[in-house]
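So the sequences go chain by chain: A, B, C, D and E.
Counting in the numbering used here, the first sequence runs from 88 upward without gaps.
Counting in the numbering used here, the second sequence runs from 128 upward without gaps.
Counting in the numbering used here, the third sequence runs from 7 upward without gaps.
Counting in the numbering used here, the fourth sequence runs from 13 upward without gaps.
Counting in the numbering used here, the fifth sequence runs from 375 upward without gaps.
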Amino acid sequence: MAVREWAGQELSEALRRELPEAVEGFDETAAWVNPSQVGAAAIFLRDEPSLDFRFLNSITAIDYVEYFDVVYHLTSLKQQWCAVFKTRLYGRQDLSLPSVYQVWKGADYQEREIWDLMGVYFEGHPNMKRIMLWEGFEGHPLRKDFL
Amino acid sequence: MSCQLAADNVLYANGLYRLVYDLVGTILPCWLSYVIAGLVMIFVLVNAVLLGAAVITWAERRLLGRFQNRVGPNRWGPFGLFQPLADLLKLLTKEDLTPDGADKPVFALVPILMVAPLVMMTAVIPFAENTSLAALNVGVLYILAVSSITSIAIFMAGWSSNNRYAMFGAARSVAVLISYEVPVVLSLLGVVMVAASMSLGSIVEAQVLPFFLVQPLAFFVFMAGMSAELNRSPFDVAEAESEIIAGYHTEYSGVKFALIQAAEFGGVGVVSAIAATLFLGGWSGPWSEYLGWLWFLIKTGAIVFLFIWFRATYPRLRIDQIMAVSWKFLLPLSLVNLAAVTLEVFLLRGPEGVLTTGDLGIMAVINVVVTVVAIWVFGNLIRDRVKFQARQPSDVVVPGVTTIEVH
Amino acid sequence: MQLPTGNGPLHERTWGIDREEGQMVNDLISISSEPIEVPFIEVPDDLKSNLLVTSVDALVNWGRKSALWPVSFGLACCAFEMMATAMGRFDIARFGMEAFRASPRQADLMIVAGTVTWKMAPPIRRIYDQMADPKWVISMGVCATSGGPYFGSYSVVPGVDHIIPVDV
Amino acid sequence: MTIRTEPMTVNVGPQHPSTHGVFRVRITFDGEDIVEVEPVFGYLHRGTEKLAEERNYVQVVTLTDRLDYTSSMINNQAYCIAVERLLGVEPPPRAKYLRTLTAELQRIAAHLIAVGFFVQELGAFGTPLMYAFRSRERILELFEMLCGARITVSYMRPGGVFADAPREFWPALDRFLEDFEVEFAEMEQLLLENEILMIRTRGVSPIPPEVAVNNSVSGPVLRASGVNWDWRKQDPYDAYDQVEFDVPVGSHWDNYDRFWVRIQEVHQSLRIIRQCIEQIEPGPARLELPLVLRPDPGREAYGRVEASKGELAFYLVSDGGIAPYRCKIRSPSLINLTIIEELLVGWKLADMIVSLGSIDINMGEVDR
Amino acid sequence: MYGFAMVKGLLVTLKNLTRKPFTIQYPEERARQHPRFRGEEFVWYEERCTGCASCAKYCPLGIIKIVTSPSESAIPQGDKYRLEVFDIELQRCMFCGLCVEACPYDALFMGSGFEQGQYSRKNMVITIDQLRNAEKHPSTWFRPQLEGYEGEPSSGRGSRSIAQGDSRFTYDPRGGPPLGWREVGREGWRWHQREKAGMRLDTESAEQAGAGDE
């Protein structure tokens, strides 16, 4: 009865059928999605009945100094499987990603948190205020160069 | 020079007053001794109310503690009896803040206006035979009139504090006070009708059978209404701590806060005394010539215990639900009670218009039945008409997991 | 309290307030780099021997110590231990302390229970100012005392005594 | 006739008696009806994720205690499971049972607090809360026996638990179960069918399952919305595949259901504890791991548990060092708060407090 | 009937009114303190400490300050560093007990006190002198030998058959006399053995060797 975890390859093939330009590759656990295509991929992942990823577990950003990874964990409650897709952003300034707020409202606070602590801006999010820290705080504390 | 009080004076019945009056009257002019005796009585009454308030705060804290399976204040003095004293001392020496935007004269007037009606109400309560300060023949009416002053005081507090929470609390409180006045008055009408008098002394004497047996419905409505008027649970929206901080007295501190607290707990005491007088037979009981005051205290204590017990048990209602309870539940009940009592009095009273003990017994039996039926009928009527239908189960229900569902 | 102005949804209208509050936090950080010392008041000897003053003082102090009303001020984990003291097992009410007042005006004692963040610092300051004299502050647990496990974090005050004077 | 009223914006918090810690919400009222809400948080943001990057893997356990301080054991468990997945190790069976048992005890304690405060916010003058704390106090005593602390337990370690339970723990647990039955029955008698509680909470703030899923709500709130999703069932960790229990599900999706689901979960937790006591076998309680752990570089692990508030997960990324390279905490309280608008808008001030109580947020976890 | 549950509630509270209160009246009576309680006032045995600073390294907060100078020998351990400073900054300590867990020589124990309110932060540092002179009431946190079942296999249900009154399991840190370093024993957990590899675990022979030195 345990939840099945999709391998990266499986997910990337499923995505590639519909959105060929969105998939950049895959690894053991996750499919890599082009940053500009995250919105389209999200809608597809949620609405396609054979995928049915209607539950967004979490969004995470990881700072690898040269680039940032943003990780999305998804679950389908109906089909009982879960999957991971990631996207990679190069550079350190003016990073932005399309928001998935309209697809999964659960992304609301998590995207704000990533903006606040990591400095990745989500376009299309209605309320990109700082969430944890106060206005006027300098820098984004979870970055590796923040002291 | 000796003064005599006319027998038709409302103050004549009070033995203590006459004693002081006579004593002082031997050396001073009559008008002055009249005033001095009055002042002595006021001194006694104010202290009685404040002492009562202190004892009730102590009792409430101890009893709540025990209801909640803990001890309550027990450090200072025997059984923690000095706790109210400590509270008072502390509050007296505390800084007396007035908020910046406050309407200062109104703000300062509130605590006095809160305590004054209580003291005024005690003037007509007979603590024992012939001990009420003023044996007014319209005692019930007087009490109802005076008790309404509190609502003005509360509104003044909310208005002058310049604080939103205080305003919220005051608005709620006044709404509650006004709507609960109606069923309370109607429930007292039944009492007045059976006793055929508005004087508290005569009502006590009429209670050969205590009125809470003769008119349980009226007693129920009176208690519910009074706990609303006193902002006691389950109707304590005015100072709903979890919602609006401390309600109308959010901004008060120091002495003023002490007075407001005293008024609150003193109010419980005075209302309990009134309830004991009107429904439990006041000072009457075995050896009431000597132990009337003791009977009175025991009965008052019982009512206070009831108030504390309710407070320990119930959550509070929402403001609109409180209004609904008043208008849709208590008001019909008090009307039913009034109608039943009117009919019974009309049918049962003898040619001289007097009800015998037997008549009261018959009324008690009938009214107990009426009470149960009425509460059951109206209780079911105010139940929310909307039956909460179970919703459609969602399509994301996972198969193969045993679930239990709420009914 | 300021009122939000302008049009649009609430979070749009509150930008101004947020900026102002952020500014307050930054100002507070810049002025509170050093802990505030509580001056220890020495009672003069001639006053000590004065019978009237001391006995009145003793009475008043007895009243104060026997009816300490804490303001309910739980911040984090310690708040639950603070509540536990008020609950059945430890029953702080025995000392007349169960009246956790919601309104700071009516409280004597502020128990800072839990980690104090810089964002929380201005409200703490404000509530402390709202309390009527005489008032005391207890810093409960290491988080409030010095930042504790979070010492050195970018958002944690290294001890609540940087913001308000602490008695215990 | 309609009376035109002017909308009024009120700031509730950050220090407000009913806000479960330092939570603040700006509300626009029309009369007593709520029109708009904007939650503001971060008043307890302590930078746990950043600090975790500076501590080694075992030291982070002490930080997890302080996330959701009403359920430290479950936080420990989630973190340890994540680290074990990162290392690719399995704890010994006795450790699994001990973890399951303590996590369920902690769940009872957390639900007791949730229920107690929920009723407190309904305006009960402390009594149900006192009863709840009375029972919770017994659980904390068991924890003190186990690991020497009441709240910040730090009981679990990657690879098991720090030490086996002391001998006096087992009889004490039996005594607790006996006492708790009685006390909890009392509490149910006081609350479960109370008419005042019913009319205050029935039909108030229903959350339809579709909305709940779209908002990533989890835990009792999701189950009260009619979705029987429980990670203990769906992705059994520790000893949960060995024990039987039911998943309570709400059918009205309202505040009462959220309260009811918690009450029922306490019963299920008791069932699990009994089964654990039956099934636990002697053996080691901890894997022999070095004090300083060094997972392989580039590995990542998403360890999740069903905490008392919902799905609690730690997402750990390793770079081969002694400290996690990234430690993301997926906190159920924060994400459950996403439904705050659906929950509050259109309801009254008094309902707002109760609804906030019904989703049972914990600021230590929201702000981290 | 509608309203019945409310009457039931009243009965519940009334029942509790007649029950004995749950309260422990603290200053006079004390809650039973469990031996594993992680209290303040660390217990430190200088005789055993080699100054390896494992505790300082393992402390998540870095609040243990150790200054040593080489060349001294400990009675049970052999060669060691001489300790000049051993400060524990209690004001930041969160009593997680990881320092005790890390100590390979069983020299550091958690204490069992909890009444440490101070008026100033400056007083909240435990110095080496305080540690030397303190009354030693060690907690059994991570020191199973004090719990009295060292060497026995840990058991599940079977353990409940052990009688409650067995004196071996009633170690009470506050109740008994202070313990010296010889009395607190050695931890015999297999888990710690590897850390202790190369140390002289045989306490008695070590004592004899120490006695010879003196």
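All residues carry an ideal CB built from backbone N, CA and C; glycine is no exception.
Owing to the predicted nature of the structure, the values given are computational and were not obtained by experimental measurement.
Under the three-state reduction of DSSP, which class applies to A:Ala127: helix, strand or coil? A:Ala127: helix per DSSP, three-state reduction.
On the criterion of 16 or more Cβ atoms from any shown chain inside 10 Å, does C:Lys141 qualify as buried, or is it exposed? Counting Cβ neighbours within 10 Å, C:Lys141 comes out buried, since at least 16 surround it.
Which residue from B:Gly207, B:Pro310, B:Met325 and B:Leu240 puts its Cα closest to that of B:Ile80? Nothing in the structure corresponds to residue 80 of chain B, since chain B is present only between 128 and 534.
Using the beta-carbon of each residue, which ones in chain E are nearer than 7 Å to C:Gly154? Simply Arg466 and Met468.
9 Å Cβ cutoff, A:Gly211 in contact with chain C: By the rule that beta-carbons nearer than 9 Å mark a contact, A:Gly211 does not touch chain C.
So, at 6 Å on beta carbons, what are the nonlocal neighbours of B:Lys383 in its own chain, with the 5 sequence-adjacent residues on each side left out? Excluding positions up to five away in sequence, the list reads Pro238.
Whole-angstrom C-beta distance between D:Met157 and D:Glu114, which should lie under 8 Å: Sequence inspection shows Thr at residue 114 of chain D; the Glu mentioned does not correspond to that position. Beta-carbon to beta-carbon, D:Thr114 and D:Met157 are separated by about 11 Å, too far to satisfy the 8 Å threshold.
Might you give, ordered along the chain, the residues of its own chain that have their beta carbon closer than 6 Å to the beta carbon of B:Leu224, omitting 5 neighbours on each side? So the list reads Ser380, once near-sequence residues are dropped.
When you compare only the Cα positions, how much space is there between B:Arg359 and D:Gly135? Using only the alpha carbons, I get a separation of about 11 Å.
Use the C-beta contact count for B:Ala466: other C-beta atoms within 10 angstroms, 16 or more gives buried, fewer gives exposed. In the assembly as shown, B:Ala466 is an exposed residue. Its beta-carbon has fewer than 16 other beta-carbons within 10 Å.
Check whether the Cβ of B:Tyr441 lies closer than 9 Å to any Cβ atom in chain E. Between B:Tyr441 and chain E, the shortest Cβ-Cβ separation is below 9 Å.
For E:Val441, which of helix, strand or coil comes out of DSSP? If DSSP states are grouped into helix, strand and coil, E:Val441 belongs with the strands.
Determine which residues share a DSSP beta bridge with D:Tyr327 and list them. Residue pairing for D:Tyr327: DSSP places it in a beta bridge opposite D:Tyr314 and D:Lys340.
For the beta strand (DSSP E) that contains D:Lys108, what are its first and last residues? No beta strand (DSSP E) contains D:Lys108, which is instead part of the alpha helix (DSSP H) from Pro105 to Glu133.
For C:Pro164, which residues in the same chain have their Cβ closer than 7 Å to its Cβ, ignoring the five residues on either side in sequence? Cβ neighbours of C:Pro164 beyond the five flanking positions: Ser152, Gly153 and Phe157.
State the Cα-Cα distance for the pair B:Leu457 and B:Gly352, rounded to the nearest angstrom. C-alpha separation (whole angstroms): 8 Å.
So what does DSSP say about B:Gly396, is it helix, strand or coil? DSSP places B:Gly396 in helix when its eight states are reduced to three.
Cβ of A:Trp119 within 9 Å of any chain G Cβ: The structure shown has no chain G; the protein chains it does contain are A, B, C, D and E.
Can you give me the C-alpha to C-alpha distance between B:Val496 and E:Val381, rounded to a whole angstrom? Each residue's Cα considered, the two are about 19 Å apart.
CB-CB length for D:Val366 against D:Arg212, believed under 8 Å: The pair is a contact, with the Cβ atoms about 7 Å apart (cut-off 8 Å).
Enumerate in chain order the residues of its own chain whose CB-to-CB distance from A:Leu98 is below 6 Å, with the five nearest sequence positions on each side excluded. The answer, listed in chain order, is Ala118 and Ala170.
Of the residues D:Glu256, D:Val304 and D:Pro296, which one's Cα is nearest the Cα of D:Asn68? Ranking the options by Cα distance to D:Asn68, first place goes to D:Val304.
Cβ pair D:Ala126, D:Gly333 closer than 9 Å: No, Cβ-Cβ distance for D:Ala126 and D:Gly333 is not below 9 Å.
Which residues, in order along the stretch 320 to 350 of chain D, keep a beta-carbon less than 8 Å from a beta-carbon of chain E? Against chain E - using a Cβ distance shorter than 8 Å - the stretch 320 to 350 of chain D contributes no residues.
E:Cys352 versus E:Gly471: straight-line alpha-carbon distance, rounded: The requested residue 352 of chain E does not occur in the structure, where chain E is confined to residues 375 to 588.
What's the C-alpha gap between A:Asp232 and A:Lys165? A:Lys165 has its alpha-carbon roughly 42 Å from the corresponding atom of A:Asp232.
Across the stretch 96 to 104 of chain D and the stretch 169 to 178 of chain D, are there enough close Cβ pairs to call them in contact, namely three or more that are closer than 8 Å? Yes: the two stretches touch, three or more of their Cβ pairs being nearer than 8 Å.
So B:Asn196 contacts chain D; which residues on that side make the cut at Cβ distance below 8 Å? Under a criterion of Cβ atoms nearer than 8 Å, the residues of chain D adjacent to B:Asn196 are, in order, Met142, Tyr143 and Arg146.
Using a C-beta to C-beta distance shorter than 8 Å, which residues of chain C count as neighbours of B:Lys426? B:Lys426 does not reach chain C, its nearest Cβ partner there being about 28 Å away, counting only Cβ pairs nearer than 8 Å.
Find out if the Cβ-Cβ distance for the pair D:Pro104, D:Leu301 is shorter than 9 Å. Contact: no.
Under three-state DSSP, which class holds A:Gly112? A:Gly112 falls in the strand class under three-state DSSP.
Compile a chain-ordered list of the residues in the stretch 200 to 219 of chain D whose CB is closer than 8 Å to at least one CB of chain B. Within the stretch 200 to 219 of chain D, the qualifying residues are Leu202, Asn206, Ile208, Leu209, Ile211, Arg212, Arg214, Gly215 and Pro218.
Do B:Ser287 and B:Phe362 have their CB atoms nearer than 9 Å? Contact flag unset, no.
Using three-state DSSP, classify B:Tyr292 as helix, strand or coil. When secondary structure is reduced to three states using DSSP, B:Tyr292 falls in the helix class.
For a cutoff of 9 Å on Cβ pairs, would you count A:Ser137 as touching chain D? By this cut-off, A:Ser137 is not an interface position.
Run down chain E in chain order and give the residues with a C-beta less than 7 Å from the C-beta of C:Phe157. The answer, in chain order, is Leu435 and Arg466.
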